[in-house]
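Chemist: Protein chains in written order, with our numbering: chain A, 703 to 836; chain B, 1484 to 2388.
Yeah, the Cβ is synthetic: ideal placement off N, Cα and C, and Gly gets one too.
I'd like to ask you about the structure that follows.
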Amino acid sequence: MEQKNILTSSGGQKVLNEDGVDNLLVVFTYAIKDFLYWWYVKMPLWHLRMLARISTLVDDNLSISLLFKNFFLPWHRDFSFIGYTFGILIKVIYLPIAIIGYLFCNVMYLFLILVWLLLPPATLFFILRSILNI
Amino acid sequence: MAIDYGWQNRTLIGFHSKDSNTFGVVQKEYPILTKESEALFLLTRDQFFTISTPQISNVLTNYLRYQKFYDNLRLIANVLLVPGLVIAFGYLLRQFGLFDEIDIVKDFLSSGISDALFGLSIFSVFLLWHDYYKDKSHPVRLPKAEKISLNDLEEIKATGFKFGRYAHLEAINYLNDFSLDIICANTNKNEINIYNLFLELVSYPQIQEIFKRANIQVDGEKLTEAAIDTENLPTYPSTSIRSLIIYSLNEALLTLSRDIKPEHMVLALFNVFPSLKKFLTTQNSSIDILREVVRYHSYEFEKRANTNPFNPNVQYYRKGGIAESWIYGHIFILEKFSKNLNEYVARYDDIFGIGHEDEIENLVSVLGKVSNKNALLIGEPGVGKSSLILGIAQRINRGDVPLQIKDKRILQLDINGLIAFSSKEKNTETLVARAAQELENAGDVILYIDEMQELIPSKAQDSGHSLAGILLPYILDSKFPIIGTVNHSDYKRYFYSIESLRQTFTNIEVSEISAADTLVILQTKIVQLERNFGIYITLPALISTVELAQRYVKEKKLPSSAVQLLESACSWAQSSGVQTLTDEHIAKVLSNQKGFSIAGVKAEESTKLMKLEEAIKERVVGQDDAVFAIVESLRRAHTDIRNPNKPIGAFLFMGPTGVGKTYLAKVVAQEYFDKESDMIRVDMSEYQEVSSIEKFLGDSGNRSINSQNAVSLIDKVKLNPYTVILFDEIEKAHPQILDLFLQIFDEGRLTSNLGEVVDFTNSIIVCTSNIGSRILLESLSNNKSTWDEAKDRALIELRQSIRPELLNRFDKVLVFHPHDIDNLSEISELLLQELAKRLSEKSINLTWNSLIPQLIASKANEPGFGARPIKRYIQENIEGNIAKEMVEGEIVAGEEIEIKESWII
């Protein structure tokens, strides 16, 4: 259950008041705080939830945990020697490939989170360096 | 039958005064509190919402300023994007050496200015992204308002509520930006102008769409007509915004919305201000309809939002993935005569199994058992047994099922396909054995057998196939779950006697779903029907569909009856060029189907009913009390006040022969149902023996050709339930047959020998009796006995002959007055008028002087025989003479003839 707090903090206390709002600096500070809070607190948590979702999605679509749970079940429930052997063989070949895909997706997203965190300071650094170079 | 929309007991609005330290509950009237020391709050089962004056002043003071700041920020960011894009394009071209020759561009792109501009435009992208996505990544979501138990409600009303038991939430945080904008824009100098607020709200496109769906016209002209102005919607101090927000929050919670939108503010205004409520009434609408439309819009919005698997705010259910099939067995043989319901439902947008949540839960628990995991769904046709199965398939597809049936597929056995396939095979037994082996091996199959009675040997014999004997042992000994469906009568006939079958299956009763659930089902079909038929469906049309189907289509159950009615109406609308389907169209389509004018169809229907008493009195002489009683019950039926589970009316007419008992029934059939000839008349003297009960209920069992051809009362009422049913001389029927009337009068239905339920709720039942006739006739000749005394004595005689429990169930027992000479004269006049009408069809104009009816009455009067001798006398003396003169050629077409006194004397 999510609540937004456009004008109040999470504690329900007023962030702004009638006296302060006339000052543009207060508005500007509030906007920066709001941006930073969103970029560095809310969104990283959101990204972690997204990582969990992607992890579940990839696992589900590649049937990784399902195959692990039923590793010793024969191929299409053909309870013969060939069924058992073929089933295990296929899984032994398939599962490492699926796990690599799974890890790749997760690592890529973790990298994306890192990029997300670095983007604003990196951009600011780039702007400052450019200004200094003028 | 009103639909229970489920608004009740979900929320409770209360008020608190700091001055007097009092607490109260808002019930019928919705106050707008303006004093700072008084405040409204809202309770749900688990939450407690409040809003304070500082929060309002904070919003009013700061919100627009912040909006303005963000507007400017957005503008600057957008402006910065343009040079950023140009520079990015330049960087790209520079890589290809395009600017090697153009020094000025080359220098600029290498300078710190272009880099700084580029950096700023990248930063502006972050700002715009934050601005656009912050509400989407973390959407506001109001909790679901679960029903508050009656005990808790009573406790809260009596003693207040325990603060610590509820989660305290601030209502202001659930207002969306549109709502905040509108509130701020219409508040000036600490006053909110409700009239302007209302006008602005109703001009919004999304609100207009809601009005259109609710079939309500809201424009300047209509508002002026309804006198909606600043007097009705006055200006309040800005502290009153708290009340408005609490009422809007209430609407948002009831309509299952995520946040408080402008449409909830509109609902709140309609609910709070009596003038707006009245306006809805003048538009044949109500707050319930408007609220239901808003709920439908919320539902559509949620449906769209819930489909993205990459949205971490939406629950994700595992589906199995690409290698799921590896762990399950093949079904090569079974595939040839079965349908995969999981694949079938995946192709449709419809939501199946609505209203059967309890049954689905039961079914899932049966399917998940270790042994004996077979379920038999028993229910009347049309209650949604198949839909329930499709609902489970849909949930399996979504993954929204317990672990026991996760990743299962439901295969529907096609018995006809199996019969056809087995005819090609040499050895049917082997085929069935292999199919059963496949099912057992597959490990993920739930077998679904519709109309399961087809596999019971005794039924299969009737159907002429021999598969049942082969298949049944596998079913009885199955190692895979089986779901079967059967209706009640077939269950009783084929399953009840086979103990092993009853032991193998767990019975799950599937009952008819509620009207509210049916409405939800119809709502899920709106988009598809509108696309298919190219029409616009209003919500009142859906509500009317449910109500009328429930009331008039008794031969089918909800939701099937309502869905079919709606589809018929859509088809009719398409062929008739109707663009917008309304409730009147639904009533019209049903009227056409039933051949009977449904209440509320047309205005002239009401006019007809208003004049019904006069119309009947014009034709029935001297029985004003009886006429009044009948008309009164018809008026009740028309206005939907009557009990819908009983016949329109049940009357007992007493009186001697010839006083007009049968005739009144005929006239009612003609005047109300427009069909005199279709009145069902049952002579109860034919049912004097106890054995005749079978004849009364329709033959069962040994159906000889004669009995199959005989049309019983049951058959007649099934064919034509909208009529007058006359049971003549009920005192002559056997008491056990009279006992059947108790069910008809109490429940409006009768169960035939074949188990069919016949509906009497749209019939008027009239019973006649000659009990006490002698006493009533004597009162005319005996000066000692008055009419009232005679009536009382006749009624005592009636009570001695007919059991009190039956007498009590009549709406009215009416004693018909024997006709005196004046009545007989009037009847003579009426009969002559009827004769004149018949002759006028042959262009012969019949006239008579005022003495003729009196003369006929005095000549034909035979005390104790009522009006019948008059009819006979007119036939013999007047019709006979006219016929004679016509045959002799003395009267020809176009002539005028006068009744001669000599014909009568």
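1. Using DSSP with H/G/I as helix, E/B as strand and the rest coil, what is Arg2286 (chain B)?
2. Can you give the Cα-Cα distance for Ser1686 (chain B) and Gly1703 (chain B), rounded to whole angstroms?
3. Tell me which residue opens and which closes the alpha helix (DSSP H) that Glu1734 (chain B) is part of.
4. Just to confirm, are Ser2044 (chain B) and Ala2032 (chain B) a CB contact at a threshold of 8 Å?
5. Specify whether the segment 1630–1644 of chain B and the segment 1521–1540 of chain B touch according to this definition: at least 3 beta carbon pairs, one from each stretch, less than 8 Å apart.
6. I want to verify the contact list: residues of chain B whose CB lies under 8 Å from the CB of Gly825 (chain A), in sequence order.
7. Flag this pair as touching only if the segment 1536–1555 of chain B and the segment 1748–1757 of chain B have three or more C-beta atom pairs under 8 Å; answer yes or no.
8. Identify the residues that DSSP records as bridge partners of Lys2295 (chain B): which are they?
9. Less than 8 Å between C-beta atoms, sequence neighbours within five positions excluded: which residues of the same chain meet that for Phe1582 (chain B)?
10. For the putative contact between Ser1821 (chain B) and Leu1896 (chain B), defined by C-beta atoms under 8 Å, what is the C-beta separation to the nearest angstrom?
11. Pull up the CB-CB distance for Leu2209 (chain B) and Ala2148 (chain B), whole angstroms please, since I reckon it's below 8 Å.
12. Determine the DSSP secondary structure at Asp2390 (chain B), reduced to helix, strand or coil.
13. At a Cβ threshold of 8 Å, is Arg1878 (chain B) touching chain A?
14. State the Cα-Cα distance for the pair Tyr1488 (chain B) and Val1853 (chain B), rounded to the nearest angstrom.
15. Straight-line CA distance for Gly2255 (chain B) to Thr2269 (chain B)?
16. Who are the Cβ neighbours of Ala2376 (chain B) in its own chain at under 7 Å, not counting the five residues just before and after it?
17. Tell me whether Ala1485 (chain B) is buried or exposed, calling it buried when 16 or more other Cβ atoms sit within 10 Å of its Cβ.
18. Here's a check: name, in chain order, each residue in its chain whose Cβ is nearer than 7 Å to the Cβ of Glu1908 (chain B), leaving out the five neighbours to either side.
19. Please return the same chain residues whose Cβ sits closer than 7 Å to the Cβ of Arg1916 (chain B), not counting the five positions on each side in sequence.
20. Give the residues of chain A in contact with Ser1500 (chain B), contact being defined as C-beta atoms less than 8 Å apart.
21. Would you verify that the beta carbon of Trp777 (chain A) is, or is not, closer than 8 Å to some beta carbon of chain B?
22. Does the beta carbon of Phe783 (chain A) sit closer than 8 Å to a beta carbon anywhere in chain B?
23. State the Cα-Cα distance for the pair Ile2098 (chain B) and Met1748 (chain B), rounded to the nearest angstrom.
24. Given that Pro822 (chain A) touches chain B, what residues does it touch there, using C-beta distances under 7 Å?
25. Measuring only between beta-carbons, confirm whether Phe1793 (chain B) sits less than 8 Å from chain A.
26. Find out if the Cβ-Cβ distance for the pair Ile2163 (chain B), Lys2201 (chain B) is shorter than 8 Å.
27. Do you know how far the Cα of Ser1906 (chain B) is from the Cα of His778 (chain A)?
28. Can you say whether Lys2040 (chain B) is buried or exposed, counting buried as having 16 or more other CB atoms within 10 angstroms of its CB?
29. Do Arg1892 (chain B) and Asp1927 (chain B) have their CB atoms nearer than 8 Å?
30. Is Ile1515 (chain B) near Ser1726 (chain B), with beta carbons less than 8 Å apart?
31. Does Asp1712 (chain B) come out as helix, strand or coil in the three-state DSSP assignment?
32. Output needed for Leu768 (chain A): all residues of its chain with C-beta closer than 7 Å, excluding positions within five of it in sequence on either side, in chain order.
33. Taking the alpha-carbon positions, what's the Leu820 (chain A) to Ser782 (chain A) distance?
34. Would you say Lys2085 (chain B) faces chain A, with C-beta separation under 8 Å as the test?
35. Across the segment 2020–2034 of chain B and the segment 2063–2075 of chain B, are there enough close Cβ pairs to call them in contact, namely three or more that are closer than 8 Å?
36. Does DSSP classify Thr1494 (chain B) as helix, strand or coil?
Modeler: Quick look at the numbers:
1. Taking the first residue of the second sequence as 1, we reach residue 2286 (chain B) at position 803. Correct three-state label for Arg2286 (chain B): coil.
2. Residue 1686 (chain B) sits at position 203 when you count from the first residue of the second sequence. Residue 1703 (chain B) sits at position 220 when you count from the first residue of the second sequence. For the pair Ser1686 (chain B) and Gly1703 (chain B), the Cα-to-Cα distance works out to about 10 Å.
3. As a first step, residue 1734 (chain B) must be located in the second sequence, where it is residue number 251. Segment 1724–1737, the alpha helix (DSSP H) holding Glu1734 (chain B).
4. What you label residue 2044 (chain B) is simply residue 561 of the second sequence in a count that begins at 1. What you label residue 2032 (chain B) is simply residue 549 of the second sequence in a count that begins at 1. Result yes, Cβ atoms of Ser2044 (chain B) and Ala2032 (chain B) sit closer than 8 Å.
5. Touching, yes, given that three or more Cβ pairs across the two stretches are closer than 8 Å.
6. As a position in the first sequence, residue 825 (chain A) is number 123, starting the count at 1. Checking the sequence shown, residue 825 (chain A) turns out to be Thr, not Gly. Those within 8 Å of Thr825 (chain A) in chain B are Gly1602, Ile1605, Phe1606, Phe1609.
7. Judged by Cβ distances under 8 Å, the segment 1536–1555 of chain B makes no contact with the segment 1748–1757 of chain B, as fewer than three pairs qualify.
8. Against the second sequence, residue 2295 (chain B) aligns to sequence position 812. Listed as beta-bridge partners of Lys2295 (chain B) by DSSP are B:Phe2134.
9. The residue you call residue 1582 (chain B) lines up with position 99 of the second sequence. Gly1573, Leu1576, Val1588, Lys1589, Leu1592, listed in sequence order.
10. The residue labelled residue 1821 (chain B) in the question sits at position 338 within the second sequence. The residue labelled residue 1896 (chain B) in the question sits at position 413 within the second sequence. Taking a contact as a CB-CB distance under 8 Å, the pair Ser1821 (chain B) and Leu1896 (chain B) counts as one, their CB atoms being some 5 Å apart.
11. The sequence position of residue 2209 (chain B) within the second sequence is 726, counting from 1. The sequence position of residue 2148 (chain B) within the second sequence is 665, counting from 1. Correct: roughly 5 Å between the Cβ atoms.
12. Residue 2390 (chain B) falls outside the range modelled here, since chain B spans only 1484 to 2388, and no answer is possible.
13. Residue numbering aside, residue 1878 (chain B) sits at position 395 when the second sequence is read from its first letter. Taking Cβ atoms only, chain A never reaches closer than 8 Å to Arg1878 (chain B), which makes this a no.
14. Here residue 1488 (chain B) corresponds to residue number 5 of the second sequence, with the count starting at 1. Here residue 1853 (chain B) corresponds to residue number 370 of the second sequence, with the count starting at 1. Cα to Cα, Tyr1488 (chain B) sits roughly 39 Å from Val1853 (chain B).
15. In the second sequence, residue 2255 (chain B) corresponds to position 772, counting from 1. In the second sequence, residue 2269 (chain B) corresponds to position 786, counting from 1. So the two alpha carbons sit approximately 14 Å from each other.
16. Sequence index remark: in the second sequence, residue 2376 (chain B) carries index 893 (1-based). Only residues of its own chain outside the window of five on either side were considered, and among them Lys2325, Ser2326, Ile2327 have a CB closer than 7 Å to the CB of Ala2376 (chain B), listed in chain order.
17. As a first step, residue 1485 (chain B) is located in the second sequence; it is residue number 2 there, counting from the start. With fewer than 16 Cβ atoms within 10 Å of its Cβ, Ala1485 (chain B) is classed as exposed.
18. Numbered from its first residue, the second sequence carries residue 1908 (chain B) at position 425. Same-chain partners within the cutoff: Leu1914.
19. For the purposes of this step, residue 1916 (chain B) is identified with residue 433 of the second sequence, where counting begins at 1. It is Ala, not Arg, that sits at residue 1916 (chain B) in the sequence shown. Excluding sequence neighbours, Ala1916 (chain B) sits near nothing in its chain.
20. Here residue 1500 (chain B) is taken as the residue at index 17 of the second sequence, counted from 1. Taking a Cβ-Cβ cut-off of 8 Å, Ser1500 (chain B) has no neighbours in chain A, whose nearest Cβ is about 22 Å from it.
21. Indexing the first sequence from 1 puts residue 777 (chain A) at position 75. Yes, contact with chain B.
22. Locating residue 783 (chain A) in the first sequence gives position 81, counting from the first residue. With 8 Å as the cut-off, Phe783 (chain A) does not count as an interface residue toward chain B.
23. Working through the second sequence from its first residue, we reach residue 2098 (chain B) at position 615. Working through the second sequence from its first residue, we reach residue 1748 (chain B) at position 265. This sequence places Ala at residue 2098 (chain B); Ile is not what is there. So the two alpha carbons sit approximately 50 Å from each other.
24. Taking the first residue of the first sequence as 1, we reach residue 822 (chain A) at position 120. Chain B residues near Pro822 (chain A): Phe1609.
25. By 1-based counting over the second sequence, the position of residue 1793 (chain B) is 310. Output row for Phe1793 (chain B): interface = yes.
26. Here the question's residue 2163 (chain B) lines up with position 680 in the second sequence. Here the question's residue 2201 (chain B) lines up with position 718 in the second sequence. Contact flag unset, no.
27. Stepping through the first sequence from its first residue, residue 778 (chain A) is reached at position 76. Stepping through the second sequence from its first residue, residue 1906 (chain B) is reached at position 423. Roughly 29 Å separates the two Cα atoms.
28. Against the second sequence, residue 2040 (chain B) aligns to sequence position 557. The residue is buried, with at least 16 neighbouring Cβ atoms inside 10 Å.
29. Numbered from 1 along the second sequence, position 409 holds the residue referred to as residue 1892 (chain B). Numbered from 1 along the second sequence, position 444 holds the residue referred to as residue 1927 (chain B). It is a contact, given that the beta carbons lie within the stated cut-off.
30. In the second sequence, counting from the first residue as 1, residue 1515 (chain B) sits at position 32. In the second sequence, counting from the first residue as 1, residue 1726 (chain B) sits at position 243. Going by C-beta atoms, Ile1515 (chain B) is nearer than 8 Å to Ser1726 (chain B).
31. As a first step, residue 1712 (chain B) is located in the second sequence; it is residue number 229 there, counting from the start. Coil, per DSSP.
32. Here residue 768 (chain A) corresponds to residue number 66 of the first sequence, with the count starting at 1. Cβ-Cβ distances below 7 Å link Leu768 (chain A) to nothing in the same chain once the five nearest sequence neighbours on each side are left out.
33. Counting from 1 along the first sequence, the entry for residue 820 (chain A) is found at position 118. Counting from 1 along the first sequence, the entry for residue 782 (chain A) is found at position 80. Going from the Cα of Leu820 (chain A) to the Cα of Ser782 (chain A) covers about 56 Å.
34. Residue 2085 (chain B) sits at position 602 when you count from the first residue of the second sequence. In this prediction, Lys2085 (chain B) scores a pLDDT of 48, lower than 50, which makes its location untrustworthy; no coordinate-derived value is stated.
35. The segment 2020–2034 of chain B, when compared against the segment 2063–2075 of chain B, does touch it at the 8 Å Cβ threshold.
36. Position 11 of the second sequence, counted from the start, is the residue given in the question as residue 1494 (chain B). Three-state result, Thr1494 (chain B): coil.
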